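J.:
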Amino acid sequence: MNPQRWAQVVLLPVLLGVVGCAAAPGRTATVDLPQPLDGVTYFTSAESSALHDAYEELVTRCMRDRGFAYRPTPLSSATRLRDINPYGLLSREEARIDGYRITSSLAGDAQARPRPAQAPTSTPGWDEALLGTEAHRVTVQLPEDHEMYYNSDGCTYQATAALYGDDWQRLYDTFQVLANRVVETVSQDAEFRGAQSVWSACMERAGQPARTFDEARGRIEGAFTRAAENRSDLMPVVRQELATAAADADCQDEVGMTAAVRAAQGRAQAAVLDTSRRGQLDQLRRLRAEVLRRVTASPGATPR
671 MNPQRWAQVV LLPVLLGVVG CAAAPGRTAT VDLPQPLDGV TYFTSAESSA
721 LHDAYEELVT RCMRDRGFAY RPTPLSSATR LRDINPYGLL SREEARIDGY
771 RITSSLAGDA QARPRPAQAP TSTPGWDEAL LGTEAHRVTV QLPEDHEMYY
821 NSDGCTYQAT AALYGDDWQR LYDTFQVLAN RVVETVSQDA EFRGAQSVWS
871 ACMERAGQPA RTFDEARGRI EGAFTRAAEN RSDLMPVVRQ ELATAAADAD
921 CQDEVGMTAA VRAAQGRAQA AVLDTSRRGQ LDQLRRLRAE VLRRVTASPG
971 ATPR
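Residue 671 is where the sequence shown starts when you use my numbering, and the numbers rise one by one after that.
1) Going by DSSP in three states, Asn850 sits in which element: helix, strand or coil?
2) Taking C-beta to C-beta, are Glu817 and Thr809 nearer than 7 Å?
3) Quick check on Trp809: does DSSP put it in helix, strand or coil?
4) Can you tell me whether Ala739 is buried or exposed? The criterion is at least 16 other CB atoms within 10 Å of its CB, across all chains shown.
5) From the DSSP secondary-structure annotation, give me the bridge partner or partners of Asn900.
6) Going by C-alpha distance, which of Thr826, Cys732, Tyr842 is nearest Arg956?
7) Taking all protein chains shown into account, do 16 or more other C-beta atoms lie within 10 angstroms of the C-beta of Asp920, making it buried, or fewer, making it exposed?
8) In whole angstroms, what separates the C-alpha of Arg881 from that of Tyr757?
9) Using the beta-carbon count (16 or more within 10 Å), is Gln858 buried or exposed?
10) Does the pairing of the region 871-888 with the region 902-917 give three or more beta-carbon distances under 8 Å?
11) Which residues share a DSSP beta bridge with Glu817?
12) Roughly how many angstroms separate the alpha carbons of Ala940 and Arg731, rounded to a whole number?
13) Tell me which same chain residues have a C-beta within less than 7 Å of the C-beta of Val852, skipping the five on either side of it?
14) For a test of the three-state rule: what should DSSP assign to Phe845, helix, strand or coil?
15) Check the C-beta distance from Val965 over to Ala724 and give it rounded, since I have them as a contact under 8 Å.
16) Starting from the Cα of Gln910, find the closest Cα among Tyr834, Met927, Gly892, Gly926 and give me that residue.
17) Could you tell me the alpha carbon to alpha carbon distance between Arg697 and Val710, rounded to whole angstroms?
18) Where do the N-terminal and C-terminal ends of the alpha helix (DSSP H) with Glu763 fall, by residue?
19) Thr945: buried (16+ other C-beta within 10 angstroms of its C-beta) or exposed?
20) Which two residues bound the contiguous alpha helix (DSSP H) that contains Asp918?
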């Protein structure tokens, strides 16, 4: 799935400063950890793959109907960020098996870069068929002065509307903005910051000093980047990642970080969800459940 392909405002999860992590192939993150807005903008690896494949099939069909060839693009690990807990929470099991999923994700991307979907520049009308034209541009205002736009005559928009429904993108992007706000608010919550401080002391005792969650992960990303640039063996980085993530998860469990996040999230959500937003949230939940029911009940089937 790629609901932002035709949106010009990219609204990825804040991740409290954590970037670059994605699920290892065939695995999904623990889903009972707190997720902003009950995880309405969250998809597991399996769900993302099924939705992405259905979307790409619809784009391919639309382009073919307009007389153009289109080669579906693989789902890169960068689009799997929703499979990472946005607060940096880890379960002990996933930490010991996958670490932070940094090396598995980045190494996989380096080995299998997505093929470009673009046709040769000599193909007149190809870009317009795929992305649409400004004459059919629609601008949507989002919370907190964000906005997105799409060209309603493009195959990217029409595939999204066929798969998810006409209201999906507006609702999804609205609640992605609000989910980001919830995560940012939690990161500044006094209870969260206090628990993170106790976690940091635990990490120091474990021999993996870090002041914040993103600092621990950032150290692994830095080690991976240096090893990749020098074409060095990645196994020491893998071992470092697993050791750091295991200590991280143990310390989170020891200090009750999940409970602290859940409480802070409840306070943050109460501040962003007014009565009108609750009705929209229910609508997005219904659309999400319906599209997942269709693509998971009949893999490979797409709307016609």
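Quick reminder that beta carbons are idealized off the backbone N, C-alpha and C, glycines included. A quick note: this is a predicted structure, and the numbers were derived from the prediction, not measured.
T.: A quick look at the data gives this:
1) Here residue 850 refers to the residue found at position 180 of the sequence shown. Reduced to three states, the DSSP call for Asn850 is helix.
2) Translated into the one-based positions of the sequence shown, residue 817 becomes position 147. Translated into the one-based positions of the sequence shown, residue 809 becomes position 139. Yes.
3) Taking the first residue of the sequence shown as position 1, residue 809 is located at position 139. It should be noted that the sequence gives Thr, not Trp, for residue 809. Three-state DSSP puts Thr809 in a strand.
4) The residue you call residue 739 lines up with position 69 of the sequence shown. Exposed, because fewer than 16 other Cβ atoms sit within 10 Å of the Cβ of Ala739.
5) By one-based count along the sequence shown, residue 900 stands at place 230. None; Asn900 has no bridge partner.
6) In the sequence shown, counting from the first residue as 1, residue 956 sits at position 286. Of the candidates Thr826, Cys732, Tyr842, the one whose C-alpha sits nearest the C-alpha of Arg956 is Tyr842.
7) Residue numbering aside, residue 920 sits at position 250 when the sequence shown is read from its first letter. By the neighbour-count rule (16 or more Cβ atoms within 10 Å), Asp920 is buried.
8) As a working mapping, residue 881 is identified with position 211 in the sequence shown. As a working mapping, residue 757 is identified with position 87 in the sequence shown. About 15 Å.
9) By 1-based counting over the sequence shown, the position of residue 858 is 188. When all chains shown are included, Gln858 counts as exposed.
10) yes
11) Reading the sequence shown from its first residue, position 147 is the one you call residue 817. Paired residues: Gln811.
12) One-based indexing of the sequence shown puts residue 940 at position 270. One-based indexing of the sequence shown puts residue 731 at position 61. Whole-angstrom Cα-Cα distance: 43 Å.
13) As a working note, residue 852 is residue 182 in the sequence shown. So the qualifying residues of the chain are Pro706, Leu707, Gln935, Ala938, Gln939, Val942.
14) Counting from one through the sequence shown, the residue named residue 845 turns up at place 175. In the structure shown, Phe845 sits in a helix (DSSP, three-state: H, G or I).
15) Position 295 of the sequence shown, counted from the first residue, corresponds to residue 965. Position 54 of the sequence shown, counted from the first residue, corresponds to residue 724. Right, the Cβ-Cβ distance comes to about 5 Å (below 8 Å), so this counts as a contact.
16) For the purposes of this step, residue 910 is identified with residue 240 of the sequence shown, where counting begins at 1. Here the closest residue by C-alpha is Gly892.
17) Along the sequence shown, read from residue 1 onward, the residue named residue 697 stands at position 27. Along the sequence shown, read from residue 1 onward, the residue named residue 710 stands at position 40. Confidence at Arg697 is low in this model, with a pLDDT of 41, below 50, so the placement of that residue is unreliable and no value is reported for it.
18) Translated into positions along the sequence shown, residue 763 becomes position 93. Its alpha helix (DSSP H) spans residues 762-768.
19) As a first step, residue 945 is located in the sequence shown; it is residue number 275 there, counting from the start. By the 10 Å Cβ count, Thr945 comes out exposed.
20) Locating residue 918 in the sequence shown gives position 248, where the first residue counts as 1. Note, Asp918: alpha helix (DSSP H), 905-925.
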